[in-house]
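Residues 1 to 358 in full-length UniProt numbering are what the sequence shown lists, from first letter to last. Report on one structure; see the data block that follows.
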Amino acid sequence: MSTNPSKTKMKTTTPTAAELSRMAVTEARERFAIRQEADRQARETAEELVARLVRGDDTPTAADLSLADYAAKRTGLLVKAAEAKVKAAERAQLNDDTELAELFRPILADVYGGRVPVVVTGIPAEAKPGNDGDPLLFIVQPKPTHTAGGVLSGMVELVFFRPDLFAPLDVGKVEQQCWALGYTVQPHQLGTSPAGKMHRDGLRLTVHRASYPVPILSAAPSGDAVRDFALTVNGDLQQSVRTASKPPAITGEPVARRASSKLTGRRVVSSVPGDDGEVRVTVETTHEVTPGAGLPDGYANERLRQAVGQMDGQVADGVGRVVAAGALSITMPDLARPDFAQQAWTVRTRFILTYRPH
Numbered sequence: 001m002s003t004n005p006s007k008t009k010m011k012t013t014t015p016t017a018a019e020l021s022r023m024a025v026t027e028a029r030e031r032f033a034i035r036q037e038a039d040r041q042a043r044e045t046a047e048e049l050v051a052r053l054v055r056g057d058d059t060p061t062a063a064d065l066s067l068a069d070y071a072a073k074r075t076g077l078l079v080k081a082a083e084a085k086v087k088a089a090e091r092a093q094l095n096d097d098t099e100l101a102e103l104f105r106p107i108l109a110d111v112y113g114g115r116v117p118v119v120v121t122g123i124p125a126e127a128k129p130g131n132d133g134d135p136l137l138f139i140v141q142p143k144p145t146h147t148a149g150g151v152l153s154g155m156v157e158l159v160f161f162r163p164d165l166f167a168p169l170d171v172g173k174v175e176q177q178c179w180a181l182g183y184t185v186q187p188h189q190l191g192t193s194p195a196g197k198m199h200r201d202g203l204r205l206t207v208h209r210a211s212y213p214v215p216i217l218s219a220a221p222s223g224d225a226v227r228d229f230a231l232t233v234n235g236d237l238q239q240s241v242r243t244a245s246k247p248p249a250i251t252g253e254p255v256a257r258r259a260s261s262k263l264t265g266r267r268v269v270s271s272v273p274g275d276d277g278e279v280r281v282t283v284e285t286t287h288e289v290t291p292g293a294g295l296p297d298g299y300a301n302e303r304l305r306q307a308v309g310q311m312d313g314q315v316a317d318g319v320g321r322v323v324a325a326g327a328l329s330i331t332m333p334d335l336a337r338p339d340f341a342q343q344a345w346t347v348r349t350r351f352i353l354t355y356r357p358h
């Protein structure tokens with residue numbers, strides 16, 4: 001008695017066009033690296049033959065030298081060809097990473113009060129006017145998003161198809177919305193051109209900093225990330241108590257005291273995961289701050305507290321978004337000391353930041 005063995009069907013997935021284009025780029029880069037290594041070896045061989053002849057070794061023949069030179073020339077040409085193929089593959093690469101563009105979708109929707117459809121795509125050729133003559137706005141992201149420490153960057157292009165009665169794309173409103181969210185962008189207007197019965201407005205945004213309301217981190221905040229955040233706080237404190245100082249009127253006259261700030265301590269007090277998937281991190285920092293000459297003590301105290309409070313809402317790379325900020329204490333030096341004016345103030349701060357693990 002025999003039984004038919006059961007056959008398990010393997011599920012196969014066909015790579016998308018974007019995946020195939022990424023594979024082509026990877027293969028081209030690998031081939032380029034192989035060509036570079038072969039070229040390096042060929043050149044070293046040719047140089048070694050020359051060095052041996054210079055030392056008086058007559059073993060290498062003219063044929064050996066000629067063959068080595070031609071081999072090096074050959075590999076050099078292959079390197080140039082491989083490099084050209086890498087550039088061609090990169091130009092032809094299709095992008096399906098539209099994370100940055102999706103972040104801008106609600107911004108553009110708000111600019112037009114939700115009255116204009118907003119379409120996100122990673123393929124520039126897909127940005128075409130509709131058949132109904134209605135306005136249509138595309139956010140095109142031709143290259144993948146760069147993400148580091150919860151901060152997104154890259155480039156997107158806005159393509160707005162509009163009828164005659166619609167106003168052109170408002171760069172100022174786009175910038176204003178980005179600024180309100182704490183994004184750092186650099187706009188470059190691409191002008192207006194006809195597109196059938198429609199007008200086509202173009203705007204390129206180079207995005208230096210953008211982030212989710214709760215930044216997404218691939219790892220828990222590192223010691224270096226916390227240090228960098230504390231140093232940012234330190235710089236803001238120093239800036240807040242600077243005063244305009246005039247150069248000495250007489251040679252040898254003492255220079256007026258300048259503002260300074262030194263980070264003397266930083267620590268993560270707690271890191272608590274919440275039921276909503278967010279992690280709340282509490283960070284405390286300590287600084288020795290010397291206000292600039294002529295700044296009244298009460299005013300200096302107020303400025304320092306404002307500098308700390310203004311960190312609320314900012315994103316600290318690799319740590320999270322500040323959701324609470326305050327000065328725990330600002331301690332002035334002993335007034336009884338004769339060198340009171342030269343002594344630093346001690347400023348202690350506390351921040352609560354949130355992030356979401358990747």
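Glycine included, C-beta positions come from ideal geometry on N, C-alpha and C.
{"query": "Exposed unless 16 or more other CB atoms sit within 10 angstroms - verdict on residue 95", "result": "buried"}
{"query": "Whether residue 205 touches residue 188 by CB criterion (9 Å)", "result": "yes"}
{"query": "Exposure label - residue 131; buried when at least 16 CB within 10 Å", "result": "exposed"}
{"query": "Proximal residues to residue 38 (C-beta, below 6 Å), its chain only, five neighbours per side dropped", "result": "75"}
{"query": "With 16 other Cβ atoms within 10 Å as the buried cut-off, status of residue 266", "result": "buried"}
{"query": "Local Cβ density within 10 Å of residue 139, reported as buried at 16 or more and exposed below that", "result": "buried"}
{"query": "DSSP three-state assignment for residue 91, whether helix, strand or coil", "result": "helix"}
{"query": "Anticipated Cβ contact below 8 Å, residue 141 with residue 122, distance rounded", "result": "5 Å"}
{"query": "Selection from 284, 21, 217 and 289 that minimises the alpha carbon distance to residue 150", "result": "217"}
{"query": "Residue 299: first and last residue of the uninterrupted alpha helix (DSSP H) it sits in", "result": "297-309"}
{"query": "Contact set for residue 15: own chain, Cβ-Cβ below 8 Å, skip 5 residues either direction", "result": "23"}
{"query": "Segment limits, alpha helix (DSSP H) that includes residue 240", "result": "223-240"}
{"query": "Boundaries (first-last residue) of the beta strand (DSSP E) holding residue 280", "result": "279-290"}
{"query": "Span of the alpha helix (DSSP H), counted from its first residue to its last, around residue 32", "result": "17-54"}
{"query": "Residue span of the alpha helix (DSSP H) that contains residue 342, given as start and end", "result": "First-last for residue 342: undefined, no H or E at that position."}
{"query": "Exposure label - residue 196; buried when at least 16 CB within 10 Å", "result": "exposed"}
{"query": "Rounded C-alpha distance that separates residue 35 from residue 79", "result": "5 Å"}
{"query": "Span of the alpha helix (DSSP H) around residue 173", "result": "171-180"}
{"query": "Cβ pair residue 207, residue 232 closer than 9 Å", "result": "no"}
{"query": "Bridge partners - residue 349, DSSP secondary structure assignment", "result": "285 and 327"}
{"query": "Length-filtered (3 minimum) beta strand (DSSP E) runs lying within the stretch 53-134", "result": "118-121"}
{"query": "Cβ-based neighbour list, residue 53, same chain, cut-off 8 Å, excluding 5 preceding and 5 following", "result": "60 and 65"}
{"query": "Same chain only: Cβ atoms within 6 Å of residue 160, ignoring 5 sequence neighbours per side", "result": "137, 169 and 201"}
{"query": "Neighbour-count burial assignment, residue 165, 16 or more Cβ in a 10 Å radius", "result": "exposed"}
{"query": "For residue 355, the residue or residues it bridges with in DSSP", "result": "279"}
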